[in-house]
Amino acid sequence: METYTSIFIVSTVMWTVLIAYLIHIDSKIRRL
Amino acid sequence: MEFKRKYALVLLGAVYIAVLYGMYNALLVFGPIQSTSKPMEELYRNVFFHVPINAVTYTAFTITLIGSIMYLKSRDLKWDILAASAAKLGIIFGTLTLITGMIWAKPAWGVYWNWDPRETTMLLLWFVFAAYFALRSSIVDEEARARLSSVVGIFGYAGIPLTYVSTTRWFSLHPRLKEFSLGPEMNSILVLLIFSILALFFYLLWLDVKVEKLTKIQKGGV
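Listed in order, the protein sequences are those of chains A and B. Just so you know, we're using my numbering here: the first sequence kicks off at 1 and counts up by one. Just so you know, we're using my numbering here: the second sequence kicks off at 33 and counts up by one.
In structure tokens, the structure reads:
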């Protein structure tokens, strides 16, 4: 179970960073 | 293709929450399943990641096919931009399909790569679309680039049915969904993840097409 918890935490962090980055790119493009 | 920023943000937020919920269920809620293959009892969890990513790969190359056909019919460069953007995302998601497959193959088969028909045909598809971009970067003239890459985009699509039938036509160790029963709860999470990742793909496609069009305007094109 510990392995799955670690995978979940790492995946959640990566997923959050990806979505935050997309929102950042999105806002930059819309300003053009 | 224009849609309001607030809708895009709502879509991204919904996709973010849906994928988190799906991952939470796949990794922490669901228990082992009944399977004739012992390793699959736990390793089935990869289905929730591998299958949605692969569904997007197939969708992306299908859009490249449509964009390529439409370009050859209309000679309108907007279709070429769509085809190339979809192929770009197809390559990215195709790489992720191969990586998630390899991560699963190590504990299931003992090796990361064993030239299984499904792996080989998927790699072949990946190379065809890598060649698509090699071709695009080697032609300066816009019309010629669009015309020739459309032909590759159409013929390259043959790789999709080939990967699809690879597990039935040849001897393959790749599991098929009908070989193990996930049950209604797991199936609904799988469907949720497929639609969420597809929504993310369409958002990325829209974003990339927009960037490509802006780049074209900056260069003094269309």
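Beta carbons: idealized from backbone N, C-alpha and C, even for Gly.
Item checked: Length at least 3, wholly inside the stretch 53-122 of chain B: the beta strand (DSSP E) runs in chain order -> Runs of the beta strand (DSSP E) inside the stretch 53-122 of chain B: none found.
Item checked: Nearest neighbour of serine 100(B), chosen from Leu224(B), Gly126(B), Val197(B), Arg177(B) [CA to CA] -> Locating residue 100(B) in the second sequence gives position 68, where the first residue counts as 1. When only C-alpha atoms are compared, the closest one is Arg177(B).
Check: If you drop the 5 nearest sequence neighbours on each side, which residues of the same chain put their C-beta closer than 8 Å to that of phenylalanine 203(B)?
Finding: Looking up residue 203(B) in the second sequence gives position 171. The beta carbon of phenylalanine 203(B) lies closer than 8 Å to those of Pro149 in the same chain, with the five residues before and after it left out.
Next item on the list: Please report the Cβ distance between isoleucine 65(B) and tyrosine 56(B), rounded to the nearest whole angstrom; I am assuming they are in contact, meaning their Cβ atoms lie under 8 Å.
Entry: Within the second sequence, numbered from 1, the residue matching residue 65(B) stands at position 33. Within the second sequence, numbered from 1, the residue matching residue 56(B) stands at position 24. Incorrect: roughly 17 Å between the Cβ atoms, too far for contact.
Notebook entry, point to check: Between glycine 185(B) and alanine 115(B), is the Cβ-Cβ spacing less than 8 Å?
Noted result: Residue mapping note: residue 185(B) aligns to position 153 of the second sequence, counting from 1. Residue mapping note: residue 115(B) aligns to position 83 of the second sequence, counting from 1. Yes.
Notebook entry, point to check: Taking the alpha-carbon positions, what's the serine 27(A) to lysine 70(B) distance?
Noted result: As a first step, residue 27(A) is located in the first sequence; it is residue number 27 there, counting from the start. As a first step, residue 70(B) is located in the second sequence; it is residue number 38 there, counting from the start. For serine 27(A) and lysine 70(B), the distance between alpha carbons rounds to 48 Å.
Notebook entry, point to check: Taking 8 Å as the CB-CB limit, is arginine 30(A) close to chain B?
Noted result: Along the first sequence, read from residue 1 onward, the residue named residue 30(A) stands at position 30. Arginine 30(A) has a beta carbon lying within less than 8 Å of a beta carbon in chain B.
Checklist line | Inter-residue CB distance, valine 11(B) and leucine 225(B) (contact presumed, cutoff 8 Å) | finding: Since the first residue shown for chain B is 33 and the last is 254, residue 11(B) is missing from the structure and cannot be characterised.
Item checked: First through last residue of the alpha helix (DSSP H) which encompasses asparagine 219(B) -> Against the second sequence, residue 219(B) aligns to sequence position 187. Counting along the chain, the alpha helix (DSSP H) containing asparagine 219(B) begins and ends at 215-250.
Notebook entry, point to check: Should tryptophan 136(B) be labelled buried (16 or more other beta-carbon atoms within 10 Å of its own) or exposed?
Noted result: Within the second sequence, numbered from 1, the residue matching residue 136(B) stands at position 104. By the 10 Å Cβ count, tryptophan 136(B) comes out buried.
Next item on the list: Specify, as a first and last residue, the run of the alpha helix (DSSP H) that proline 207(B) falls within.
Entry: As a first step, residue 207(B) must be located in the second sequence, where it is residue number 175. Neither: proline 207(B) is in no alpha helix (DSSP H) and is coded neither H nor E.
Next item on the list: With tryptophan 145(B) as the anchor, note down where its alpha helix (DSSP H) starts and where it stops.
Entry: On the second sequence, residue 145(B) is found 113 positions in, with the first residue counted as 1. Careful: tryptophan 145(B) lies outside any alpha helix (DSSP H) and carries neither H nor E.
Check: At a Cβ threshold of 8 Å, is alanine 40(B) touching chain A?
Finding: In the second sequence, counting from the first residue as 1, residue 40(B) sits at position 8. Interface with chain A (8 Å Cβ-Cβ cutoff): alanine 40(B) is included.
Margin query: Taking the alpha carbon of phenylalanine 62(B) as the reference point, which residue from Ile171(B), Leu157(B), Met218(B) has its own alpha carbon closest?
Written below: Within the second sequence, numbered from 1, the residue matching residue 62(B) stands at position 30. With distances taken between Cα atoms, phenylalanine 62(B) lies closest to Met218(B).
Next item on the list: Drop a sphere of 10 angstroms on the beta-carbon of aspartate 173(B), count the other beta-carbons inside from all chains shown, and report buried for 16 or more, exposed for fewer.
Entry: In the second sequence, counting from the first residue as 1, residue 173(B) sits at position 141. Per the 10 Å Cβ criterion, exposed.
Margin query: Here's the rule: buried if 16 or more other CB atoms are within 10 angstroms of the residue's CB, otherwise exposed. What is glycine 191(B)?
Written below: Stepping through the second sequence from its first residue, residue 191(B) is reached at position 159. By the neighbour-count definition (other C-beta atoms within 10 Å, threshold 16), glycine 191(B) is a buried residue.
Notebook entry, point to check: Taking the C-alpha atoms as reference points, what is the distance between leucine 109(B) and isoleucine 95(B)?
Noted result: The residue given as residue 109(B) occupies position 77 in the second sequence. The residue given as residue 95(B) occupies position 63 in the second sequence. Take the alpha-carbon of leucine 109(B) and the one of isoleucine 95(B): they are about 15 Å apart.
Margin query: Between the alpha carbons of alanine 118(B) and arginine 31(A), how many angstroms are there, rounded?
Written below: Start at 1 with the first residue of the second sequence, and residue 118(B) comes out as number 86. Start at 1 with the first residue of the first sequence, and residue 31(A) comes out as number 31. Taking the straight line from one Cα to the other gives about 24 Å.
Notebook entry, point to check: In chain order, what residues of the stretch 226-252 of chain B put their CB closer than 7 Å to some CB of chain A?
Noted result: Under the 7 Å Cβ criterion, the stretch 226-252 of chain B contributes Leu239, Lys242, Val243, Leu246.
Notebook entry, point to check: Taking Cβ-Cβ distances shorter than 9 Å, what residues in chain A pair up with methionine 55(B)?
Noted result: As a working note, residue 55(B) is residue 23 in the second sequence. Those are Ile7, Phe8, Ser11, Thr12, Trp15, listed as they occur along chain A.
Margin query: Measuring straight from C-alpha to C-alpha, what distance separates phenylalanine 93(B) and glycine 215(B)?
Written below: By one-based count along the second sequence, residue 93(B) stands at place 61. By one-based count along the second sequence, residue 215(B) stands at place 183. Phenylalanine 93(B) and glycine 215(B) have their C-alpha atoms some 30 Å from each other.
Checklist line | Presumed contact (8 Å Cβ cut-off) between isoleucine 113(B) and valine 241(B), rounded CB distance | finding: Here residue 113(B) is taken as the residue at index 81 of the second sequence, counted from 1. Here residue 241(B) is taken as the residue at index 209 of the second sequence, counted from 1. With 8 Å as the limit, isoleucine 113(B) and valine 241(B) qualify as a contact, their Cβ atoms being about 6 Å apart.
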